[in-house]
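S.K.: Heads up: the sequence shown begins at 1305 in our numbering, then just goes up one per residue.
Here a beta-carbon is modelled for each residue, glycine too, at the ideal position from N, C-alpha and C.
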Amino acid sequence: MMKFDAQLMARLQAATQLMMKDGPVAATAAIQRALAGGEAPAADVHTENVHTENVRADNVHAAPAAHPPGATMKDLNAPPEPARAGTAPRMRKAAPKRAAGSPSSAGAKPEAKPYTANASAQAAGDTPFNGKGGATAMPGIAELLAKAGIALPEGFKGGMPDGLKGLQGLQGGLPEGLLDGLQNGLPEGLLEKLKSGKLPGARKRTPAAPLPEGARFDSASFTCQAGTRGYKLYVPSNYKETGAPVPLVVMLHGCTQDPDDFAAGTRMNAVAEETGCIVAYPCQSMQANSSKCWNWFSAADQQRDRGEPAIIAGIARQVMADHRIDPARVSIAGLSAGGAMAVIVAALYPDLFNAAGVHSGLPIGSASDLPSALQAMQQGAKGGGQPVSSPPLIVFHGDKDHTVNPKNGTDVLQHGLAGHDAGSPEVERTKAPGGRKYTRSIHRHADGRVLAEHWELHGGGHAWAGGSASGSYTDPTGPDASRAMVQFFESVAKTGTVQAA
1305 MMKFDAQLMA
1315 RLQAATQLMM
1325 KDGPVAATAA
1335 IQRALAGGEA
1345 PAADVHTENV
1355 HTENVRADNV
1365 HAAPAAHPPG
1375 ATMKDLNAPP
1385 EPARAGTAPR
1395 MRKAAPKRAA
1405 GSPSSAGAKP
1415 EAKPYTANAS
1425 AQAAGDTPFN
1435 GKGGATAMPG
1445 IAELLAKAGI
1455 ALPEGFKGGM
1465 PDGLKGLQGL
1475 QGGLPEGLLD
1485 GLQNGLPEGL
1495 LEKLKSGKLP
1505 GARKRTPAAP
1515 LPEGARFDSA
1525 SFTCQAGTRG
1535 YKLYVPSNYK
1545 ETGAPVPLVV
1555 MLHGCTQDPD
1565 DFAAGTRMNA
1575 VAEETGCIVA
1585 YPCQSMQANS
1595 SKCWNWFSAA
1605 DQQRDRGEPA
1615 IIAGIARQVM
1625 ADHRIDPARV
1635 SIAGLSAGGA
1645 MAVIVAALYP
1655 DLFNAAGVHS
1665 GLPIGSASDL
1675 PSALQAMQQG
1685 AKGGGQPVSS
1695 PPLIVFHGDK
1705 DHTVNPKNGT
1715 DVLQHGLAGH
1725 DAGSPEVERT
1735 KAPGGRKYTR
1745 SIHRHADGRV
1755 LAEHWELHGG
1765 GHAWAGGSAS
1775 GSYTDPTGPD
1785 ASRAMVQFFE
1795 SVAKTGTVQA
1805 A
């Protein structure tokens, strides 16, 4: 049985703290000194904080009763288990041994092997992480990410964030041969695409257009018994508190998006500036969904006055109370998970929303939990979902959408036509200015009033048609979905909503 050594534990804890401070290489050396009986580095560790009752002898693997001078980490570890058949253990390059007389006990950091051949920059104090060497100190990494449209978090721009400085022990660079192995092992042509930014499915983000003078894009929040959500509100420059009531469009973003990203990608604010409508962008919280998806597949979020539908409807009512909104011209639209939630909210609140826009979404009742949601996305909902009466719908869906099966768009359309006396649709096949071909089908009631529109985007994927490269999940080659939706909403408001039979 191993005798508990409080001083040894104190030295090991101090060495662990050093790992977080000066990197794993320095920590390894400190731990070895601690095991050999050396002095522990200064740290906020006290022997009275070590609880002997939590240390069990049977948790120590083959540890000797006393540690001779020069003991190393391997003396505390159990013998390695034999590798399983068919698997190869991953090897980590060991830290180089220090030469005798090297400054290891004064808190000096281990000498790091530079990532590049720029020895002068390293000698001047530049490292791949401190921001002083820029692209020279770490060639290619930040530049390749930027060309691929991936921005580093703010804390990385000026160097290593304080909370991650423990990674500085990796300044020695990648293990020998790994960089060459990556370069030689990449698929043919991919390294050049990384360098040029021409990644498959990736593109450079362009800056969002500045706000017109007099326009506002404000942040607000709404709280009710179902919860709290923030939202952004675009008020066009031509809006007047004493003027005529204006339309309101509620826009629901897709997974991983937020109001700013969605507004930039859809360019709905530019359409609002032209048409005079106000646009609200509710924001899903990561607490409600870690991917920031609206929970369209949750049974608790598919009921009136409960869950997320209640919050979204409450946001619309709050905007209507704070601004001059025409109650006959309030509509809702969304992309992907936002499109699926727009269908739900519009069906649950036909007294509030006069029309809905659904881009790459799913029908109401297509799922009640995560497994059925994944099935509906991949194959379409069983039975086409749950047909319900809903206000007029405009539906966009790419016929090459591999994220949400195009069958879902057809099912959403059929829900919009359910119970109505719809004749044969007017069909238009044409090509958008950006080059995307599409088929537009307009469905009308027998008296001529519009019931639904279906825009099938030929070759289109899971992206907002006619969107801007300033946002995510956009297809600039497609027809302008934002403008088409607002025009559809206005057409419905002028002709009136047809009640289902």
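Would you kindly report the start and end of the unbroken alpha helix (DSSP H) that includes PRO1551?
M.R.: Start at 1 with the first residue of the sequence shown, and residue 1551 comes out as number 247. It is not in any alpha helix (DSSP H) - PRO1551 instead sits in the beta strand (DSSP E) that spans 1550–1556.
S.K.: State the start and end residues of the unbroken alpha helix (DSSP H) segment that holds LEU1656.
M.R.: Here residue 1656 corresponds to residue number 352 of the sequence shown, with the count starting at 1. Counting along the chain, LEU1656 falls outside any alpha helix (DSSP H), and DSSP gives it neither H nor E.
S.K.: Could you check where the beta strand (DSSP E) with VAL1754 kicks off and where it finishes?
M.R.: Sequence index remark: in the sequence shown, residue 1754 carries index 450 (1-based). Unbroken beta strand (DSSP E) run through VAL1754: 1754–1761.
S.K.: Looking only at DSSP bridge pairs, what is VAL1692 linked to?
M.R.: Along the sequence shown, one-based indexing puts residue 1692 at 388. VAL1692 pairs with nothing; no bridge assigned.
S.K.: Check whether the stretch 1719–1731 and the stretch 1678–1687 are in contact - that is, three or more C-beta pairs closer than 8 Å.
M.R.: Taking 8 Å as the limit for Cβ pairs, the verdict is that the stretch 1678–1687 does not touch the stretch 1719–1731.
S.K.: Specify the secondary structure class of ALA1793 as computed by DSSP and reduced to three states.
M.R.: Stepping through the sequence shown from its first residue, residue 1793 is reached at position 489. It is worth fixing the name first, because residue 1793 is Phe in this sequence and not Ala. Correct three-state label for PHE1793: helix.
S.K.: Name the DSSP beta bridge partners of SER1635, please?
M.R.: In the sequence shown, counting from the first residue as 1, residue 1635 sits at position 331. BP columns for SER1635 point to VAL1553 and ALA1659.
S.K.: Per DSSP, what kind of secondary structure is LEU1724 in: helix, strand or coil?
M.R.: As a working mapping, residue 1724 is identified with position 420 in the sequence shown. Here the sequence assigns His to residue 1724, which means Leu is not the residue at that position. Correct three-state label for HIS1724: coil.
S.K.: So what's ALA1677 in DSSP terms, helix, strand or just coil?
M.R.: Sequence index remark: in the sequence shown, residue 1677 carries index 373 (1-based). Helix, per DSSP.
S.K.: Ignore the nearest five residues each way along the sequence and tell me which others in ILE1648's own chain have a CB closer than 7 Å to its CB.
M.R.: Walking along the sequence shown from the start, residue 1648 turns up at place 344. So the qualifying residues of the chain are TRP1600, GLN1606, PRO1613 and ILE1668.
S.K.: Starting from VAL1575, follow the alpha helix (DSSP H) in both directions and report where the run begins and ends.
M.R.: In the sequence shown, residue 1575 corresponds to position 271, counting from 1. Residues 1572–1579.
S.K.: To which residues of the same chain is ASP1784 closer than 6 Å at the C-beta, ignoring the five residues directly before and after it?
M.R.: Sequence index remark: in the sequence shown, residue 1784 carries index 480 (1-based). Here the set comprises GLY1770.
S.K.: So for SER1786, helix, strand or coil by DSSP?
M.R.: In the sequence shown, counting from the first residue as 1, residue 1786 sits at position 482. Of the three classes helix, strand and coil, the one that applies to SER1786 here is helix, per DSSP.
S.K.: Indicate whether the contact test is met: 3 or more Cβ pairs, each with one atom in the stretch 1539–1549 and one in the stretch 1746–1764, closer than 8 Å.
M.R.: The stretch 1539–1549 is not in contact with the stretch 1746–1764.
S.K.: Where DSSP assigns a beta bridge to PRO1586, which residues make up the other side?
M.R.: Position 282 of the sequence shown, counted from the start, is the residue given in the question as residue 1586. Its beta-bridge partners are TYR1535.
S.K.: Please report how far the alpha carbon of PRO1586 lies from the alpha carbon of ARG1571, in whole angstroms.
M.R.: To locate residue 1586, count along the sequence shown from 1; it is residue 282. To locate residue 1571, count along the sequence shown from 1; it is residue 267. Whole-angstrom Cα-Cα distance: 16 Å.
S.K.: Within 10 Å of its beta-carbon, does MET1590 have 16 or more other beta-carbons around it, so buried, or fewer, so exposed?
M.R.: Looking up residue 1590 in the sequence shown gives position 286. With fewer than 16 other Cβ atoms within 10 Å, it is exposed.
S.K.: Considering only residues of the same chain and omitting the five flanking positions on each side of ASN1709, which have a CB-CB separation below 7 Å?
M.R.: For this step, residue 1709 is matched to residue 405 along the sequence shown. MET1681, GLN1682, GLN1683 and GLY1684.
S.K.: Which same chain residues end up closer than 8 Å to PRO1400 when comparing Cβ atoms and leaving out the 5 residues on each side of it in sequence?
M.R.: Position 96 of the sequence shown, counted from the first residue, corresponds to residue 1400. Bear in mind that the predicted position of PRO1400 carries a pLDDT of just 44, short of 50, making it too unreliable to give a figure here.
S.K.: Pull up the distance between the alpha-carbon of GLY1643 and that of LEU1652, whole angstroms please.
M.R.: Residue mapping note: residue 1643 aligns to position 339 of the sequence shown, counting from 1. Residue mapping note: residue 1652 aligns to position 348 of the sequence shown, counting from 1. For GLY1643 and LEU1652, the distance between alpha carbons rounds to 14 Å.
S.K.: Check whether the stretch 1629–1638 and the stretch 1543–1562 touch, using three or more Cβ-Cβ pairs below 8 Å as the test.
M.R.: With the cut-off at 8 Å, the stretch 1629–1638 and the stretch 1543–1562 touch.
S.K.: Name the DSSP beta bridge partners of VAL1699, please?
M.R.: Taking the first residue of the sequence shown as 1, we reach residue 1699 at position 395. Per DSSP, VAL1662 and HIS1758.
S.K.: Report the residue from ALA1722, HIS1663 and LYS1735 whose alpha carbon sits nearest the alpha carbon of PHE1700.
M.R.: For the purposes of this step, residue 1700 is taken as residue 396 along the sequence shown, with counting starting at 1. Checking every option, the nearest Cα to that of PHE1700 belongs to HIS1663.
S.K.: Taking the beta carbon of GLN1529 as the centre, do at least 16 other beta carbons fall within 10 Å, making it buried, or is it exposed?
M.R.: Stepping through the sequence shown from its first residue, residue 1529 is reached at position 225. Answer is exposed; the Cβ neighbour count stays below 16.
S.K.: Below 9 Å between beta carbons: does that hold for TYR1742 and GLY1713?
M.R.: The count along the sequence shown starts at 1 and reaches residue 1742 at position 438. The count along the sequence shown starts at 1 and reaches residue 1713 at position 409. No, the Cβ-Cβ distance between TYR1742 and GLY1713 is not below 9 Å.
S.K.: So for GLU1517, helix, strand or coil by DSSP?
M.R.: The residue you call residue 1517 lines up with position 213 of the sequence shown. DSSP places GLU1517 in coil when its eight states are reduced to three.
S.K.: Terminal residues of the continuous alpha helix (DSSP H) containing ARG1621?
M.R.: Here residue 1621 corresponds to residue number 317 of the sequence shown, with the count starting at 1. Segment 1611–1626, the alpha helix (DSSP H) holding ARG1621.
S.K.: Using CA coordinates, which residue listed in ALA1659, GLY1702 and ALA1726 is at the minimum distance from MET1555?
M.R.: Residue numbering aside, residue 1555 sits at position 251 when the sequence shown is read from its first letter. Nearest of ALA1659, GLY1702 and ALA1726 to MET1555, Cα basis: ALA1659.
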